[in-house]
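In this note's numbering, the protein residues as written are 36 to 266.
We put the beta carbon where it would ideally sit given N, CA and C, even for glycine.
Here the structure comes first, spelled out in structure tokens, and everything after it is commentary.
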Amino acid sequence: MPAHRHTEIHFTSGELVRDLVIGMADGLTVPFALAAGISGAIDSTHIVVTAGLAEIAAGSIAMGLGGYLAARSDAEHYASERVREQHEVATMPEEEKAEVTKVFREYGLSADQSAPVVEALSMDPEAWVNFMMRFELGLETPEPGRALRSASTIAAAYVGGGFIPLSPYILLASAREALVVSSGVTLLALAVFGYLKGKATGSPPLRSAMQTTLIGGLAAGAAFLIAKAIS
């Protein structure tokens, strides 16, 4: 009987997808709400476009910087925890062995069953520290250049998302007409984005599409009604 080769496929781009989701979701929603709010008060595409471009520039920089600082903070936290684990492995090995045994116990292994593995780990301090970082603290080794990639991905996704609701105001003369077109285009983009996000992350795609569309629509609707009431 011929042997069948087992091939596993796992989703390994979680951080990239997270950055794209953060940037695109805000890029679609915030400029859409801003443009809708201004359209509710003033029928001027020039003002909407000017404000929208300023918001996209400021928002992409702020979001990108936030992503950069978050990734740097994660890397610094990992480095500090690794130094602490290295110190503990060197100065209190018995306590660290007990912590390894506790980790294995959580996976259903008795102390006797885990003892050979614990001893083997204790002979390799680097592997020991790697084990503790991942299985005791739940920390993964940061990828080199992660902070810059995160910042650029979030910022680019924000800009790309922001121009979708703003483009009708660039192409049309009436802000009220552009609002109608922008609403349809943006809601469709939110639905497609939510669907693809669900497919990529394993969430139900239709539910994800409905959630992103509802959130974007509510934000724009609230901004429009507030501006209309004030004006």
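Measuring alpha carbon to alpha carbon, tell me which of E154, M158, G219 ends up nearest I199. In the sequence shown, counting from the first residue as 1, residue 199 sits at position 164. Checked all of E154, M158, G219; the closest Cα to I199 is G219.
Closest by CA to G102, which one among A213, V215, R181, A76? Along the sequence shown, one-based indexing puts residue 102 at 67. Nearest in C-alpha terms to G102, of all of A213, V215, R181, A76, is R181.
For L55, I'd like the list of residues in its chain whose CB is within less than 7 Å of its CB, leaving aside the five on either flank, ordered along the chain. Numbered from 1 along the sequence shown, position 20 holds the residue referred to as residue 55. Sequence-distant partners of L55 (beyond 5 residues in either direction) whose C-beta falls short of 7 Å from its own C-beta, in its chain, are T188, A192.
Backbone secondary structure at L55 - three-state DSSP: Residue 55 sits at position 20 when you count from the first residue of the sequence shown. In this structure, L55 counts as helix in the three-state DSSP scheme.
Contact set for M59: own chain, Cβ-Cβ below 8 Å, skip 5 residues either direction: Taking the first residue of the sequence shown as 1, we reach residue 59 at position 24. When the five nearest sequence neighbours on each side are left out, the beta carbons in the same chain lying within less than 8 Å of the beta carbon of M59 are those of A192, Y193, G195, G196, F228, in order along the chain.
If you draw a straight line from the alpha carbon of E10 to that of P66, how long is it in whole angstroms? No answer is possible for residue 10: it lies beyond the span of the chain, which begins at 36 and ends at 266.
Comparing alpha-carbon positions, which option in A68, R184, P160 lies nearest E90? In the sequence shown, the residue the question calls residue 90 occupies position 55. Shortest Cα-Cα distance from E90 to any of A68, R184, P160 involves A68.
Selection from E161, E120, A254, V135 that minimises the alpha carbon distance to P151: Taking the first residue of the sequence shown as position 1, residue 151 is located at position 116. Nearest option by C-alpha distance: V135.
Other residues of its chain near V153: CB distance less than 8 Å, five sequence neighbours each side excluded: As a working note, residue 153 is residue 118 in the sequence shown. Around V153: K132, V135, T136, F139.
Sufficient close CB pairs (3 or more, under 8 Å) joining the stretch 155-171 to the stretch 122-131: Judged by Cβ distances under 8 Å, the stretch 155-171 makes contact with the stretch 122-131, as three or more pairs qualify.
Entirely within the stretch 65-137 and at least 3 residues each: give me those beta strand (DSSP E) ranges in chain order. Listed in chain order, nothing qualifies, since the stretch 65-137 has no complete beta strand (DSSP E) run of 3 or more residues.
Could you pull the start and end residues of the alpha helix (DSSP H) that G197 belongs to? Along the sequence shown, one-based indexing puts residue 197 at 162. It spans 181-206 - the alpha helix (DSSP H) in which G197 sits, taken as one unbroken run.
Span of the alpha helix (DSSP H) around S157: By one-based count along the sequence shown, residue 157 stands at place 122. Per DSSP, S157 belongs to the alpha helix (DSSP H) from 146-157.
Quick one: Cα of S217 to Cα of Y204, how far? Numbered from 1 along the sequence shown, position 182 holds the residue referred to as residue 217. Numbered from 1 along the sequence shown, position 169 holds the residue referred to as residue 204. Between S217 and Y204, the alpha-carbon positions lie close to 8 Å from each other.
Exposed or buried, what is A244 when buried is set at 16 or more other beta-carbons lying within 10 Å of its beta-carbon? Here the question's residue 244 lines up with position 209 in the sequence shown. With 16 or more other Cβ atoms within 10 Å, it is buried.
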